[in-house]
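A.B. asks:
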Amino acid sequence: MSTSPPEVRVDATLQQIIVGFRLVSAIWMTVLGIIGVVTWQAGTGVVIAALALVWGWTALTYVVMRAGRLQWLPWLVADLAVAVAVVYFDSIDGAIQGSFVGGYPMTSVLFWGYAYRIPGGLGAAAALSAAVIVSESDLSGNIATSVLYLAVGGVAAWAFEALRSSERRRLRAEAELESERGARIRSEERAEVAAHLHDSVLQTLALIQKGSTDPAQVRNLARVQERELRAWLLGAGDTVDTVVGALEAVCTDIEKRLGVAVELVAVGDRRLDDHLRALVGATGESIMNAAKHAGVEKVSVYAEAGADPVQVFVRDRGIGFDPTSVEADRRGLTESVRGRMERHGGNVEIVSTVGSGTEVRLMMPAAEDGAS
Amino acid sequence: MSEKLRVFLVDDHDLFRAGVRSEIGEQVEVVGEADAVDAAIELIRERAPDVVLLDVHLPGGGGRAVLEAVKETHPEIRFLALSVSDAPQDVVDVVHAGARGYVTKSIRSEELIAAIGKVANDDVVFSPKLAGFVLDAFTALTPADVDDELASLTAREREVLQLIARGYTYRETGEALFISVKTVETHVGSVLRKLQLTNRNELTRWAAKRELI
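Encoded structure:
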């Protein structure tokens, strides 16, 4: 089991924020540089050189970020050197007042704090403070600048670290939850497998032990079990390519959707073809009709799928109706059931008595083969 | 006042037994319960109930094992099989072994009490499911499987079973066929007897065939 902390997503966001801050600083520095040249008689050449350096370095920062090397020590050293150079340029611009570097050197402090935490942030801040104090003569201004660098370097590095560790905690909690959920799912699956094996394989083995003197029976049982187990392992629980399989699916579906019990009893089975699919569809509509209109809790469905014609009976003990005078919506359903059946060569009989329920009898001629 | 029927419950689910007991406990006397084959055999022999409600699936041999053991010593005790929805072969197997009927666990309590009464009275309880299973079993038995006429249904018996499978009560079945309820019961009883006399191997073959569709 690996103990390395999960990858911290907040890192990428922090890098983007600092690089964004550097970009804003470069823009601001450009504005200040223009103001410096126009109003404070700052040396045009110095300002242009400083701006060229800052813009070039900012573009390079973006490239390095994309390459994922922002925490590479040589890069950070060079980055700090550029910040020191910018401070130096500010001191030799010959302006009578003001400074045009703005927040740019601070971005290097942020990178150091980001890469080397609080010591990194404070170290970079100290280096820049030293550069400021050496190059500028305004003592109180220098002290203010140094304090600002140190404070921002320390606080930012601390904040980065706090964000990271909270993210790490969250990821760890998520991972724990995930593994807990996985364990629960596994144990549920295990219980289900055990139950299934008990109901199928163990029962069959017991039968085989009892009937082990009759080789034909043992072979039969083994074959049935093998087929059942294979189907189960492949997840092919439903055999919807047969009439009974399709009817089971329809009944289960209606039970789930309408909360009415549908009891299916089937004798024999055969493969589905288009006509029999129509029969299954018409059966479904008849069951729906009973479930919706009859006011019952249970609908009985009986299918003789092995016979020719295939017959299905849908019966409810609900309110019933008078088939000679049905309401429009009810007629619509019986017509759609009837139309569907007749188009495929089948027929429908509806027997209903007010007060004692309805039986829909559906008949569809079977194709020659496919019965079993 | 007539004596309450004495009923014994065999089911490996405690909750289910508790549910049945509370549903039928007023109309019948529940004289005992068991959750496994061996305990069931011993207690049923000891308490000699009128009717045993028997789960088809039981740890340690299934309902059939209980039936066979008890029938050897107490042939007068009646069994009614009761389960959720089982493989047809298991249900037919328990009926073959001597249960007087089969109902699903979704049965309403008044229907269950009526079924218990019928079984105690030596009648047979065919739910639509059981009628379907039996029809299926006899339909699938090819003439080569059949030793004698016992293993085939008469046209009338088939009609009766089909109506029951369609959800008709015995009374409605009688009305539809213009025969009395008593005659319906006679037909159902003879179907049960035929099923019980059928060679078990044939049933296994049917079950295997059914699964191999």
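For the record, the sequence lines run as chains A and B.
In this text, residue positions in the first sequence follow the numbering used here: the first is 1, and each later residue adds one.
In this text, residue positions in the second sequence follow the numbering used here: the first is 1, and each later residue adds one.
By construction, the Cβ of each residue, glycine as well, lies at the ideal position given by its N, Cα and C atoms.
Check the DSSP bridge columns for M363 (chain A) and list the partner residues they point to.
C.D. replies: On the first sequence, position 363 is the one that residue 363 (chain A) refers to. Answer is A:Q311 and A:N347.
A.B. asks: Counting Cβ pairs, one atom from each stretch, are 3 or more of them under 8 Å apart for the region 185 to 200 of chain A and the region 138 to 157 of chain A?
C.D. replies: No contact exists between the region 185 to 200 of chain A and the region 138 to 157 of chain A.
A.B. asks: Which whole-angstrom value is the C-beta distance of V7 (chain B) and V30 (chain B), which I expect to be below 8 Å?
C.D. replies: Translated into the one-based positions of the second sequence, residue 7 (chain B) becomes position 7. Translated into the one-based positions of the second sequence, residue 30 (chain B) becomes position 30. V7 (chain B) to V30 (chain B), Cβ: 5 Å. Contact.
A.B. asks: Residues of chain A with CB under 7 Å from D14 (chain B), in chain order?
C.D. replies: Walking along the second sequence from the start, residue 14 (chain B) turns up at place 14. Going along chain A, no residue has its Cβ under 7 Å from D14 (chain B), so there is no contact; the nearest lies around 17 Å.
A.B. asks: Mind listing the chain B neighbours of G346 (chain A)? Cutoff is C-beta to C-beta under 9 Å, in chain order.
C.D. replies: For the purposes of this step, residue 346 (chain A) is taken as the residue at position 346 of the first sequence. None at all; the shortest Cβ gap to chain B is about 18 Å.
A.B. asks: Please classify N289 (chain A) as buried or exposed, where buried requires at least 16 other C-beta atoms within 10 Å of its C-beta.
C.D. replies: The residue you call residue 289 (chain A) lines up with position 289 of the first sequence. With 16 or more Cβ atoms within 10 Å of its Cβ, N289 (chain A) is classed as buried.
A.B. asks: Under DSSP, the alpha helix (DSSP H) around D253 (chain A) begins and ends at which residues?
C.D. replies: Along the first sequence, read from residue 1 onward, the residue named residue 253 (chain A) stands at position 253. That run of the alpha helix (DSSP H) goes V243 to L258.
A.B. asks: Pair every Cβ in the region 64 to 83 of chain A with every Cβ in the region 21 to 35 of chain A, then say whether three or more of these pairs are closer than 8 Å.
C.D. replies: Output reads no: the region 21 to 35 of chain A does not touch the region 64 to 83 of chain A.
A.B. asks: Buried or exposed for K118 (chain B), please, with buried defined as at least 16 other CB atoms from any protein chain shown within 10 angstroms of its CB.
C.D. replies: As a position in the second sequence, residue 118 (chain B) is number 118, starting the count at 1. It counts as buried.
A.B. asks: Just to confirm my understanding: we take H196 (chain A), look at its own chain, exclude 5 residues before and 5 after, and list those with CB closer than 7 Å. What are they?
C.D. replies: Walking along the first sequence from the start, residue 196 (chain A) turns up at place 196. Cβ within range, chain order: W232.
A.B. asks: Quick check: what's the CA-CA separation for A137 (chain B) versus H187 (chain B)?
C.D. replies: On the second sequence, residue 137 (chain B) is found 137 positions in, with the first residue counted as 1. On the second sequence, residue 187 (chain B) is found 187 positions in, with the first residue counted as 1. C-alpha separation (whole angstroms): 17 Å.
A.B. asks: Could you check the C-alpha separation between D238 (chain A) and R21 (chain B) for me, to the nearest Å?
C.D. replies: Counting from 1 along the first sequence, the entry for residue 238 (chain A) is found at position 238. Counting from 1 along the second sequence, the entry for residue 21 (chain B) is found at position 21. Confidence in D238 (chain A) is poor, its pLDDT being 48 and thus under 50, which makes the residue's placement unreliable; the coordinate value appears in the next sentence. D238 (chain A) and R21 (chain B): Cα-Cα distance of roughly 35 Å.
A.B. asks: Thinking C-beta only, is L5 (chain B) closer than 7 Å to D55 (chain B)?
C.D. replies: Walking along the second sequence from the start, residue 55 (chain B) turns up at place 55. Walking along the second sequence from the start, residue 5 (chain B) turns up at place 5. No.
A.B. asks: In angstroms with no decimal places, state the Cα-to-Cα distance between E167 (chain A) and A159 (chain A).
C.D. replies: Mapped onto the first sequence, residue 167 (chain A) falls at position 167. Mapped onto the first sequence, residue 159 (chain A) falls at position 159. Spanning the two alpha carbons is a distance of roughly 12 Å.
A.B. asks: Quick one: does A165 (chain B) have its CB under 7 Å from some CB of chain A?
C.D. replies: Your numbering for residue 165 (chain B) matches position 165 in the second sequence. By this cut-off, A165 (chain B) is an interface position.
A.B. asks: According to DSSP, what are the bridge partners of A65 (chain B)?
C.D. replies: Numbered from its first residue, the second sequence carries residue 65 (chain B) at position 65. A65 (chain B) pairs with nothing; no bridge assigned.
A.B. asks: Check whether the region 30 to 39 of chain B touches the region 59 to 75 of chain B, taking contact to mean three or more Cβ pairs, one atom from each stretch, closer than 8 Å.
C.D. replies: Yes: at least three Cβ pairs fall under 8 Å.
A.B. asks: Return the bridge partner residues of L130 (chain B) from the DSSP annotation.
C.D. replies: For the purposes of this step, residue 130 (chain B) is taken as residue 130 along the second sequence, with counting starting at 1. According to DSSP, which records beta bridges pairwise, L130 (chain B) is partnered with nothing at all.
A.B. asks: When DSSP builds the beta bridges, which residues end up paired with E263 (chain A)?
C.D. replies: Along the first sequence, one-based indexing puts residue 263 (chain A) at 263. Paired residue(s): A:S300.
A.B. asks: Which residue from A:W57, A:S99, A:I133 and A:D138 puts its Cα closest to that of T107 (chain A)?
C.D. replies: Along the first sequence, read from residue 1 onward, the residue named residue 107 (chain A) stands at position 107. Nearest of A:W57, A:S99, A:I133 and A:D138 to T107 (chain A), Cα basis: A:W57.
A.B. asks: For E175 (chain B), which of helix, strand or coil comes out of DSSP?
C.D. replies: The residue you call residue 175 (chain B) lines up with position 175 of the second sequence. Reduced to three states, the DSSP call for E175 (chain B) is helix.
A.B. asks: For P110 (chain B), count neighbouring Cβ atoms within 10 angstroms of its own Cβ and tell me buried if that reaches 16, exposed if not.
C.D. replies: By 1-based counting over the second sequence, the position of residue 110 (chain B) is 110. It is Glu, not Pro, that sits at residue 110 (chain B) in the sequence shown. Counting Cβ neighbours within 10 Å, E110 (chain B) comes out exposed, since fewer than 16 surround it.
A.B. asks: In chain B, what lies closer than 8 Å to S300 (chain A) by C-beta?
C.D. replies: For this step, residue 300 (chain A) is matched to residue 300 along the first sequence. Under the 8 Å cutoff, chain B gives P128, R166 and G167.
A.B. asks: Scan the region 255 to 286 of chain A for residues whose Cβ lies nearer than 8 Å to a Cβ of chain B and list them as they occur along the chain.
C.D. replies: Going along the region 255 to 286 of chain A in chain order, one finds A261, E263, V265, A266, V267, G268 and D269 with a Cβ nearer than 8 Å to chain B.
A.B. asks: Tell me which residues share the same chain as A282 (chain A) and place their Cβ nearer than 6 Å to its Cβ, disregarding the 5 neighbours each side in the sequence.
C.D. replies: Indexing the first sequence from 1 puts residue 282 (chain A) at position 282. If we look at A282 (chain A) and ignore the five residues flanking it on each side, its Cβ neighbours are V337, R340, M341 and L362.
A.B. asks: Output the boundary residues of the alpha helix (DSSP H) element that contains G20 (chain A).
C.D. replies: What you label residue 20 (chain A) is simply residue 20 of the first sequence in a count that begins at 1. Per DSSP, G20 (chain A) belongs to the alpha helix (DSSP H) from V10 to T39.
A.B. asks: Could you check whether the Cβ of R315 (chain A) sits closer than 7 Å to any Cβ belonging to chain B?
C.D. replies: Position 315 of the first sequence, counting from 1, holds the residue named residue 315 (chain A). At least one chain B Cβ lies under 7 Å of R315 (chain A).
A.B. asks: If you draw a straight line from the C-alpha of L112 (chain B) to the C-alpha of V160 (chain B), how long is it?
C.D. replies: The residue you call residue 112 (chain B) lines up with position 112 of the second sequence. The residue you call residue 160 (chain B) lines up with position 160 of the second sequence. Their backbone Cα atoms lie some 21 Å apart in a straight line.
A.B. asks: Please list the terminal residues of the continuous alpha helix (DSSP H) segment that includes A165 (chain B).
C.D. replies: Locating residue 165 (chain B) in the second sequence gives position 165, where the first residue counts as 1. A155 to A165 is the extent of the alpha helix (DSSP H) around A165 (chain B).
A.B. asks: How far does the beta strand (DSSP E) with T104 (chain B) in it extend, from its first residue to its last?
C.D. replies: Here residue 104 (chain B) refers to the residue found at position 104 of the second sequence. Residues G101 to T104.
A.B. asks: According to DSSP, is F8 (chain B) helix, strand or coil?
C.D. replies: Sequence index remark: in the second sequence, residue 8 (chain B) carries index 8 (1-based). In this structure, F8 (chain B) counts as strand in the three-state DSSP scheme.
A.B. asks: Would you mind reading off the limits of the alpha helix (DSSP H) that contains G113 (chain A)?
C.D. replies: Here residue 113 (chain A) is taken as the residue at index 113 of the first sequence, counted from 1. Note, G113 (chain A): alpha helix (DSSP H), Y104 to S135.
A.B. asks: Buried or exposed for D269 (chain A), going by 16 or more other Cβ atoms inside 10 Å?
C.D. replies: The residue given as residue 269 (chain A) occupies position 269 in the first sequence. By the neighbour-count rule (16 or more Cβ atoms within 10 Å), D269 (chain A) is buried.
A.B. asks: Under 8 Å between beta-carbons, which chain A residues line up against A131 (chain B)? List them in chain order, please.
C.D. replies: Taking the first residue of the second sequence as position 1, residue 131 (chain B) is located at position 131. What A131 (chain B) touches in chain A: V265.
A.B. asks: Given K292 (chain A), which residues of its chain have a CB within under 8 Å of its CB, disregarding the five upstream and five downstream residues?
C.D. replies: As a working mapping, residue 292 (chain A) is identified with position 292 in the first sequence. Excluding positions up to five away in sequence, the list reads L258.
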